[in-house]
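Participant: Structure provided below as C-alpha cells; questions to follow.
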Amino acid sequence: MFTRRTLLAAPLALSLSNLAACDRFASAEPSPPNVPPLKSLIGCPVGTCIKASQIDDPDWVALARANVSQLTPEWEMKMEYILANGLDRPNFDRTDRIAAFARAEGMAMHGHTLIWYAQGKEAFAGLSGAAFDRAFDGYISTVAGRYRGKVRSWDVVNEPILDDGSGMRDCHWSARYGQDGYILRGFEKARIADPDAVLFLNEYNQESVPAKGAQFLKLVERLLKAGCPLQGVGLQSHLWIDIPEGVIAAYMREISQFGLLIHVSELDCTLRTENRLDLRSQTDRIAAQGARVTELASAFAALPKAQQFAFTVWGLRDTDSWYRQGDKDDGRDKPLPFDSFGRPNPMAAAIAAGFKTPA
C-alpha cells in the first residue's frame, strides 16, 4: 500500500538496474487511443491542478483548454507559499496569476487548501492563546475573502486522518482547538469569509485503506451533527494498480449516502508497486491501471447528478506528475491521462470508458 506523503521518499519498487534486467518481461505499449476532450465526457466540471509556471507553457495551455473546465492550484494557494515571508507579509503573486488565468479562460477555480496539518507550524510559532486565534481566523478571512467570487469552492481542511486510519492526526492546529475543533473552526471562518463558496473536507486513501475510510465516515458524521457547514467531500483518489477490485466503487456508494457533493479531487494512478519481485510487463500494469481508473470513473458517473461536483486529475501530462519529479523518476511511470507530448494515455481512455458505463 502506498501512503501519500512517503512514496517519493521511499525507494523505487524496482531499481533502475532491476528495470533493465526485467526488460525481457516488457511488451510493446499500446498506441495512443483516440479519446474525446475529457471535459466533454460528463456533465460536471473536469479539472486539473495547475502551477503558475505552466501558464507560460503553450503546449500545456492548449492541452488544458481542450480538456478541462476547472483548475486547482497545486501549491501556490497553500499556506507554505502564501506565508513564506511570515504572517504579516502574505504573498499572493502567483496565486493571483492563476486566478486571473482561470478567469480569462472561462474556467472555474477550486481553492486548495486553507488548513493542512503539514503546513503553518513555522509561521504560527511563538503564538498562543488569543494571538493564535487571531492569526488562524485572520488567515482564513484574508485568503478566502481575497478570492471570494473567484473560486467556486474550497478544500477548507486537508488530510486530517492518520494514514493507517487509527485516528485523527495530532498537529499544531489540534493542539490549540482539538482534533475536531480546528476543523469546525476552519469551516466556520471559511463560511463567514465566503458565504457562496462550496466547502469541502479533502482526504486520500479512503477507498483503499478500510480503517481510514471508516474513520473518514465517522468524522463526516460528527461534523454534520455538530452543525459544521460541510457541503462536500474530496476523494483525492491517488490510486495504485493493486487496489482490490470493487472497493473503490463500494466506498463511493458508501460516502454518497450523506447526500454531500462528491469531488474526485486529485486523481492519478501509479504503475509502481512495492513488490520488488513484481515482473508484470508495462502492458499488464497499464491494463490493471485502466481497470482501477474505469471503476472510479464509473462509480462517480453513477452518483446522482446533483452530487457530481467535479472530477479532477492531478496533472495532465505524465511529466507534470509529482510521481515523476526528482531522482525517484524512473521515466516509466504513466500516472496521468496524457504522455509528455500531450497524447492520450490509456488512462484517458479508461476515464472515458468509466463515464460511459455508470455502475
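Sequence positions in the sequence shown follow mature numbering (1 follows the signal peptide of the UniProt record, and there is no 0) and run -20 to -1, 1 to 339. Even glycine gets a Cβ: it sits at the ideal position worked out from N, Cα and C. Note that the coordinates shown come from a computational prediction; the quantities given were computed from them, not determined experimentally.
1. In the DSSP output, which residue or residues are listed as bridge partners for residue 364?
2. Based on DSSP bridge pairs, tell me the residues matched to residue 138.
3. DSSP has residue 248 in a bridge; who is on the other side?
4. What's the gap between the Cα of residue 85 and the Cα of residue 130?
5. Out of 55, 41, 106 and 65, point me to the one whose CA is closest to residue 87's CA.
6. Are there three or more Cβ pairs, one per stretch, closer than 8 Å when the region 280 to 297 is compared with the region 17 to 29?
7. Could you compute how far the alpha carbon of residue 344 sits from the alpha carbon of residue 277?
8. Here's the rule I'm using: 16 or more other beta-carbon atoms within 10 Å means buried, otherwise exposed. How should residue 337 be labelled?
9. Given residue 7, which residues of its chain have a CB within under 6 Å of its CB, disregarding the five upstream and five downstream residues?
10. Looking at the strands, I want to know which residues DSSP matches up with residue 51.
11. With distances taken from CA atoms, which of 235, 92, 179 and 210 is nearest residue 195?
12. Would you list the residues sitting across from residue 290 in a DSSP beta bridge?
13. In the DSSP assignment, what are the bridge partners of residue 133?
14. Which residue comes first and which comes last in the alpha helix (DSSP H) that contains residue 327?
15. For residue 257, count the other beta carbons within 10 Å of its own beta carbon; 16 or more makes it buried, fewer makes it exposed. Which is it?
16. According to DSSP, is residue 323 part of a helix, a strand, or is it coil?
17. When the Cα atoms are used, what is the spatial distance from residue 149 to residue 160?
18. Enumerate in chain order the residues of its own chain whose CB-to-CB distance from residue 231 is below 7 Å, with the five nearest sequence positions on each side excluded.
19. Would you call residue 135 buried or exposed, if buried means 16 or more other Cβ atoms sit within 10 Å of its Cβ?
20. Which same chain residues end up closer than 6 Å to residue 165 when comparing Cβ atoms and leaving out the 5 residues on each side of it in sequence?
21. List the residues that DSSP assigns as beta-bridge partners of residue 318.
22. What's the C-alpha gap between residue 282 and residue 328?
23. On the three-state DSSP scale, how would you describe residue 164?
24. Give a single yes or no on whether residue 336 has its beta carbon closer than 7 Å to a heavy atom of the ligand FAD.
25. Would you check if the distance between the CB atom of residue 246 and the CB atom of residue 217 is smaller than 8 Å?
26. Would you mind giving the Cβ-Cβ distance between residue 62 and residue 75, rounded to the nearest angstrom? I have them listed as a contact below 8 Å.
27. Where residue 90 and residue 214 are concerned, what is the direct C-alpha to C-alpha distance, given to the nearest angstrom?
28. Do residue 102 and residue 141 have their C-beta atoms closer together than 8 Å?
29. What's the C-alpha gap between residue 169 and residue 64?
30. Rounded to whole angstroms, what is the Cα-Cα separation between residue 113 and residue 153?
31. Roughly how many angstroms separate the alpha carbons of residue 105 and residue 173, rounded to a whole number?
32. Going by DSSP, what residue range makes up the alpha helix (DSSP H) through residue 264?
Facilitator: Taking the structure as given:
1. Past the edges of the chain, shown from -20 to 339, lies residue 364, and the structure says nothing about it.
2. 96 and 182
3. 218
4. 13 Å
5. When the alpha-carbon of residue 87 is set against those of 55, 41, 106 and 65, the nearest one is in 41.
6. These segments touch.
7. The structure shown has nothing for residue 344, since the chain only spans -20 to 339.
8. exposed
9. Interpretation of residue 7 is limited by its pLDDT of 43, a score under 50 that renders its predicted location unreliable; no figure is taken from the coordinates.
10. 28 and 89
11. Of the candidates 235, 92, 179 and 210, 235 places its Cα closest to the Cα of residue 195.
12. Assignment of beta-bridge partners to residue 290 by DSSP yields 243.
13. 90 and 178
14. 326 to 336
15. Sixteen is the threshold: since fewer than 16 other Cβ atoms of the shown chains lie within 10 Å of the Cβ of residue 257, the residue is exposed.
16. coil
17. 10 Å
18. 186, 187 and 193
19. buried
20. 157
21. 297 and 324
22. 18 Å
23. Helix at residue 164.
24. You won't find the ligand FAD in this model; it holds no ligand whatsoever.
25. yes
26. 7 Å
27. 11 Å
28. no
29. 22 Å
30. 10 Å
31. 24 Å
32. 262 to 281
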